[in-house]
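Read through the structure below, which is laid out as structure tokens, and then see the notes.
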Amino acid sequence: MASVTIQNIDKSFGTVKVLNGVSIDIEDGEFIVLVGPSGCGKSTLLRIIAGLENQNSGSIKIGNNIVDNLHASLRDIAMVFQSYALYPHLSVAENISVPLRMRRLNFLQRFPIIGRFIPGSKAAKASIKKDVDEVTEMLGIEELLHRKPGQLSGGQRQRVAVGRAMVRHPQAFLMDEPLSNLDAERRVHMRAEIAELHRRLESTFIYVTHDQAEAMTMADRVAVMMDGDLLQVDTPRNVYANPVDIRVAEFIGSPKINILSAQSNDTGDVNVGDMVLAGVKSAAKNSKIQVGVRPEAVTLEPKNSAGIPCHIVHHENLGSEAYFHVELNSGERVISRMDASAIDQFSTGHDASVMLHSNNVLLFDNDGQRIVTHNEVVM
Amino acid sequence: MISNFSATQALKHVTLIIGALIVILPFYAMLSYSMKSPHEIETNTGGFFGDQKPMVDEWCVKANNPSGVLPSEELKQACTKTPIVFNYVSAFTKAPLVRYLLNGVFVTLSIFFIQVLVALPCAYALAKLKFWGRDAVFMLVLFCLLIPVHAIALPLYIMLSKVGLINSYAALIVPWTISVFGIFLMRQFFMTIPDDLIDAARIDGMSEFSIVWKVMLPCAIPALMAFAIFSVVAHWNDYFWPRIAVTSDRNYFTPPLGLRMFKGDSDGDVYGPMMATATIIVTPLIVAFLLAQRKFIEGITLSGMK
Amino acid sequence: MIEKVTKTVDTLNQAAGLKRAENRAKWVSYLFCFPAVSLMFIILLVPIFVAGVLSFTDYSLGNPDLNWLGSKNYEVIFGRSSYQKMIWATVTYVVVVVPISIGLGLGAAMLINSVGRIGELYKTIYFLPVMAALLAMALVWDLALHPTVGIVNQTLRLGCGTWIEGLFSFGWLPWVDGAQSWYSTSCADEFPLWIGDRDYAMPTICFIGIWQAFGFNMVLYLAGLTGVPRELYHAAAIDGVTNTWDQFRLVTWPMLGPTTIFVVTITSINSFKVFDTVEALTWGGPAKSTYVMMYAIFEKAVKENLVGFGSAITIVFLFFVLLITFTQRFLVEKRVHYS
Chain A
43 MASVTIQNID KSFGTVKVLN GVSIDIEDGE FIVLVGPSGC GKSTLLRIIA GLENQNSGSI
103 KIGNNIVDNL HASLRDIAMV FQSYALYPHL SVAENISVPL RMRRLNFLQR FPIIGRFIPG
163 SKAAKASIKK DVDEVTEMLG IEELLHRKPG QLSGGQRQRV AVGRAMVRHP QAFLMDEPLS
223 NLDAERRVHM RAEIAELHRR LESTFIYVTH DQAEAMTMAD RVAVMMDGDL LQVDTPRNVY
283 ANPVDIRVAE FIGSPKINIL SAQSNDTGDV NVGDMVLAGV KSAAKNSKIQ VGVRPEAVTL
343 EPKNSAGIPC HIVHHENLGS EAYFHVELNS GERVISRMDA SAIDQFSTGH DASVMLHSNN
403 VLLFDNDGQR IVTHNEVVM
Chain B
202 MISNFSATQA LKHVTLIIGA LIVILPFYAM LSYSMKSPHE IETNTGGFFG DQKPMVDEWC
262 VKANNPSGVL PSEELKQACT KTPIVFNYVS AFTKAPLVRY LLNGVFVTLS IFFIQVLVAL
322 PCAYALAKLK FWGRDAVFML VLFCLLIPVH AIALPLYIML SKVGLINSYA ALIVPWTISV
382 FGIFLMRQFF MTIPDDLIDA ARIDGMSEFS IVWKVMLPCA IPALMAFAIF SVVAHWNDYF
442 WPRIAVTSDR NYFTPPLGLR MFKGDSDGDV YGPMMATATI IVTPLIVAFL LAQRKFIEGI
502 TLSGMK
Chain C
6 MIEKVTKTVD TLNQAAGLKR AENRAKWVSY LFCFPAVSLM FIILLVPIFV AGVLSFTDYS
66 LGNPDLNWLG SKNYEVIFGR SSYQKMIWAT VTYVVVVVPI SIGLGLGAAM LINSVGRIGE
126 LYKTIYFLPV MAALLAMALV WDLALHPTVG IVNQTLRLGC GTWIEGLFSF GWLPWVDGAQ
186 SWYSTSCADE FPLWIGDRDY AMPTICFIGI WQAFGFNMVL YLAGLTGVPR ELYHAAAIDG
246 VTNTWDQFRL VTWPMLGPTT IFVVTITSIN SFKVFDTVEA LTWGGPAKST YVMMYAIFEK
306 AVKENLVGFG SAITIVFLFF VLLITFTQRF LVEKRVHYS
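Written out as structure tokens, the structure reads:
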């Protein structure tokens with residue numbers, strides 16, 4: 043169990059820069075999820091932490107040790123791969139015992155046949171078996187011990203991969219999209235199981251995924267990455283409610299946050315089209331800005347003068363709630379998420395008015411950086 | 202770390218280069234010998250290209266001097282050539298090499314076309330049609346896959362000679378007309394083609410014959426290309442079967458048989474022309490290979506798909 | 006009511022149409038399979054039967070008499086020393102060429118895989134012998150190995166008395182007496198006749214076989230290596246594998262299992278079929294040291310017209326080849342496919 047400190051990691055493949063000075067402090071026992079679209083550099087970062095890839099500059103510290111020049115096997119971390127990377131020719135028990143065999147048996151003891159006659163190998167093998175049994179019992183895979191990976195289901199393989207990672211009690215667990223090869227139902231189930239495992243082991247988990255649902259449901263803190271930059275590291279709640287960058291706001295949340303172009307005047311009032319956002323003051327005065335508002339903070343009302351006039355283009359009924367796609371006069375599209383009962387009132391092809399809940403409005407400058415708002419003061 | 206890395210890397214390259222030299226040695230020797238005079242070959246002098254000092258062509262002198270008395274200076278002059286010209290010209294004049302090469306082209310291409318003609322419809326039927334006995338036919342294919350034709354060359358030779366076909370193009374071609382491997386390969390390939398495509402063709406009014414040749418054949422071009430390379434290389438280079446099937450009639454000699462005739466000739470100094478012939482026989486495939494390496498490696502290792 | 010009737014008639018018509026189409030498809034299927042199946046019988050199966058029958062006779066071409074010999078031909082093959090030598094020579098060739106050409110192929114593939122883009126160049130070079138007509142290259146080797154004018158012995162001779170002799174006589178190793186080494190004694194006496202020497206003929210034929218075959222094995226292994234998931238190597242690194250040997254044992258070798266089985270089979274069968282080099286260079290000699298089965302079949306049955314006896318060798322040969330393939334099938338199904 044250890045903290046992991048990532049300092050200023052840079053990495054390029056040829057001329058392509060994939061990581062730009064990424065730094066994260068991960069606390070001992072924390073479950074951190076690196077999330078971002080594919081190609082954002084999150085897997086590369088994980089592999090640099092693991093020692094499978096070398097960074098161009100920057101440094102990784104696990105516990106109190108700088109591990110930059112250490113081989114992957116000496117960093118005392120374990121990894122669960124997307125494809126599970128189980129050795130197909132070895133049984134489940136043998137797969138799980140590989141990390142221990144490599145560490146507790148010497149070169150000669152590992153040798154087939156001859157190994158048996160090297161002193162000390164019997165005791166070492168007994169201790170390995172004990173540890174393997176402990177892990178398989180904990181994961182509930184005792185019946186699978188003698189099967190080959192090819193005979194297991196996706197979920198079972200995933201457990202074996204976790205078992206192989208757990209068996210030597212590493213300082214940290216690295217997981218590279220471990221659920222992406224499972225079907226949707228299984229994934230939801232394993233999500234809970236991994237979170238529970240983390241609570242039980244009290245170990246540091248670094249988990250990579252492109253699935254924001256996994257990030258939001260499992261993480262103590264979420265690290266959002268994009269184009270090689272680390273944009274924000276924060277609790278799931280804050281990443282959603284308080285994104286520091288428009289890209290974070292856009293990545294997290296489904297359906298996607300609505301972005302409207304707006305203008306602030308010299309008092310900090312914000313105009314969206316002809317309408318002034320009530321109770322919102324922008325710190326950036328007299329400039330073109332962008333307004334982000336989550337779909338649940340957008341409501342439709344029958345045509346009135348207070349809201350922004352709009353036309354309902356399409357609506358989707360999800361049973362408990364409904365999404366309304368509306369078009370403003372400016373041509374911008376907005377999605378509103380309301381209770382399904384609203385369908386009785388609003389339907390495709392009709393005109394309505396859009397109301398923005400100003401206490402949930404996020405302002406961004408034209409570069410996508412968050413602008414301080416003073417709406418709390420007004421409220 | 203860095204220096205260690207490059208040291209092992211250098212060691213790897215040294216190993217690979219030594220291997221490459223051994224692999225290339227005979228090719229180098231073949232080319233070099235094909236350009237040297239008999240004297241240079243015997244004394245191992247002249248470097249790679251030989252000195253190309255004009256030499257007297259003894260065969261030419263003999264041929265134009267039937268009396269056998271001391272040949273005149275003019276005759277010697279007329280028969281003087283540079284070694285490279287002597288070697289390559291002799292390759293074509295001492296034996297009907299052009300005929301051998303054309304035989305080779307004719308035989309390899311005939312084999313390939315007949316193989317496709319026989320295998321493609323069968324593969325299509327096995328992959329896409331349902332009929333009683335299909336599994337039995339496929340089992341037969343799988344079993345025949347185990348029989349190397351070379352191994353049963355003797356009974357084939359006897360059967361062919363019983364019907365009087367030894368020393369003919371038919372003898373060279375017939376045993377190879379059935380490529381069980383080709384059937385197997387094309388069947389596997391056709392299995393991957395969606396049934397919908399064939400149903401669409403049927404709805405468009407195509408007969409099963411036109412489906413094979415107008416729909417399946419174009420789909421199978423990549424696999425067929427690989428198979429073509431596999432087949433052509435094997436039969437252009439084959440020596441064993443032609444050696445048995447063509448015992449005496451030089452008219453049906455394939456290139457390797459023609460080359461073989463140089464060795465064991467009573468004339469001593471035929472190394473130069475022999476190596477020139479070898480170069481001529483080996484060059485077409487080597488050049489084709491260098492031009493389309495990936496295709497060739499794909500084709501030759503095709504048998505690895507089993 | 007009327008509606009119902011028309012419907013039934015329609016269905017009947019449709020059914021009849023389908024039936025016709027089905028029948029037609031069936032006949033087309035048989036038509037499509039007929040050439041292939043009949044050729045398989047005539048060219049592949051009947052000859053085995055013919056060879057099987059003739060192997061019990063003293064049949065020869067052009068001779069109307071045919072005597073039933075029972076198992077006498079087989080007794081000769083397994084009983085007379087020159088044919089024991091034949092089996093010995095064939096097995097020696099296979100046992101030498103198969104492991105070495107596979108080992109070299111695997112080694113070359115792994116080296117090439119680890120040197121990056123330039124590996125393509127080595128791959129091209131190593132594959133050249135596979136493309137070249139073996140007979141042509143055998144004749145080149147024959148000339149290169151010629152005892153007096155051959156480039157090999159001439160080059161070796163050049164090294165005598167120079168530092169090259171010093172290097173390759175291994176006298177610089179403390180436990181080796183340089184003067185007694187192969188190189189020094191050959192310098193003092195004479196370099197081998199290679200294919201003319203009964204001690205060197207078989208190794209030389211084997212060498213040419215290996216030279217020709219290992220590029221093919223290399224390419225198959227290269228293909229096999231691309232199929233090894235990179236994540237397995239990463240998993241191994243994290244599991245504590247630090248040296249190349251452990252990596253090979255834990256990941257590479259097991260993952261190449263299917264390739265290896267296939268490579269062993271195809272190389273074995275190709276080695277059993279060795280003919281070109283023997284026919285062109287040694288005629289089975291000296292002293293039958295290179296008298297391999299394919300050459301024996303050719304010599305006995307085609308040249309000497311002892312068809313019955315040649316057929317018996319053919320059957321023994323087929324037995325060997327089928328044994329290998331069935332072993333492969335068995336192994337493939339039992340062990341090396343992991344899914």
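Residue numbers (the working numbering), protein chains in the order written: chain A, 43 to 421; chain B, 202 to 507; chain C, 6 to 344. Beta carbons: idealized from backbone N, C-alpha and C, even for Gly. Since the structure is predicted, the reported quantities are computational estimates derived from the model, not experimental observations.
For residue i, collect the residues of the same chain with a Cβ closer than 8 Å to its Cβ; drop the 5 residues on either side in sequence, then sort them by chain order.
{"i": "Thr448(B)", "result": "Ile367, Asn368"}
{"i": "Met267(A)", "result": "Val64, Leu76, Val77, Gly78, Cys82, Gly83, Lys84, Leu87, Leu273"}
{"i": "Glu170(C)", "result": "Gly164, Tyr188, Ser189, Cys192"}
Using a Cβ-Cβ distance under 8 Å, would residue i count as near chain B?
{"i": "Gln159(C)", "result": "yes"}
{"i": "Phe335(C)", "result": "no"}
Distance cutoff 8 Å, beta carbons only. Does residue i sit that close to anything in chain A?
{"i": "Ile266(C)", "result": "no"}
{"i": "Pro263(C)", "result": "no"}
Using the Cβ count rule (16 or more neighbours within 10 Å means buried), how would you classify residue i?
{"i": "Trp216(C)", "result": "buried"}
{"i": "Ser54(A)", "result": "exposed"}
{"i": "Leu116(A)", "result": "exposed"}
{"i": "Gly84(C)", "result": "exposed"}
{"i": "Ser99(A)", "result": "exposed"}
{"i": "Phe54(C)", "result": "exposed"}
{"i": "Trp442(B)", "result": "buried"}
{"i": "Leu303(B)", "result": "exposed"}
{"i": "Val414(A)", "result": "exposed"}
Between residue i and chain C, is there a C-beta pair that is closer than 8 Å?
{"i": "Cys420(B)", "result": "no"}
{"i": "Gly365(B)", "result": "no"}
{"i": "Asn452(B)", "result": "no"}
{"i": "Met144(A)", "result": "yes"}
{"i": "Ala92(A)", "result": "yes"}
{"i": "Asn288(B)", "result": "no"}
{"i": "Ser54(A)", "result": "no"}
{"i": "Ala304(A)", "result": "no"}
{"i": "Gln278(B)", "result": "no"}
{"i": "Ser467(B)", "result": "Summary for Ser467(B): the model assigns pLDDT 48, below 50, so the residue's position carries little reliability; its value from the coordinates is reported in the next sentence. Not an interface residue."}
{"i": "Ser395(A)", "result": "no"}
Quick one: which chain D residues come within Cβ less than 9 Å of residue i?
{"i": "Val140(A)", "result": "Judged by its chain identifiers, the structure shown contains no chain D, and its protein chains are A, B and C."}
My assumption, with CB atoms under 8 Å, is that residue i sits in contact with residue j. Please give the rounded CB distance.
{"i": "Trp377(B)", "j": "Gln316(B)", "result": "7 Å"}
{"i": "Ile242(B)", "j": "Tyr472(B)", "result": "5 Å"}
{"i": "Trp146(C)", "j": "Ile213(C)", "result": "5 Å"}
Suppose the cutoff is 6 Å on Cβ atoms and the five residues either side in sequence are ignored; what does the same chain contact list for residue i look like?
{"i": "Phe339(B)", "result": "Leu327"}
{"i": "Asn72(C)", "result": "Asp63"}
Beta-carbon within less than 7 Å of residue i's beta-carbon, same chain only, minus the 5 sequence neighbours each way: which residues are those?
{"i": "Asp450(B)", "result": "Asn368"}
{"i": "Arg336(A)", "result": "Gly295, Ile299, Asn402"}
{"i": "Val365(C)", "result": "The requested residue 365(C) does not occur in the structure, where chain C is confined to residues 6 to 344."}
{"i": "Val433(B)", "result": "Thr309, Phe313"}
If you pair each beta-carbon of the stretch 182-192 of chain A with each one of the stretch 129-137 of chain A, do three or more pairs fall below 8 Å?
yes
Assess, as a yes-or-no matter, whether the stretch 125-145 of chain C is touched by the stretch 260-269 of chain C under the definition of 3 or more beta carbon pairs within less than 8 Å.
no
Specify whether the stretch 404-415 of chain B and the stretch 361-380 of chain B touch according to this definition: at least 3 beta carbon pairs, one from each stretch, less than 8 Å apart.
no
Decide yes or no for the touch test of the stretch 381-390 of chain B against the stretch 70-88 of chain C: beta carbon pairs closer than 8 Å, at least 3 of them.
no
For the pair the stretch 231-251 of chain B and the stretch 452-465 of chain B, tell me if three or more CB-CB distances fall below 8 Å.
no
Does the structure place the stretch 286-301 of chain B close enough to the stretch 387-396 of chain B that three or more beta carbon pairs sit under 8 Å?
no
Inter-stretch contact at 8 Å, needing at least 3 Cβ pairs: the stretch 218-233 of chain C / the stretch 316-331 of chain C
no
Within 8 Å, do at least three Cβ pairs link the stretch 40-53 of chain C to the stretch 342-352 of chain B?
yes
Does the stretch 381-394 of chain A touch the stretch 314-321 of chain A, meaning 3 or more C-beta pairs lie closer than 8 Å?
no
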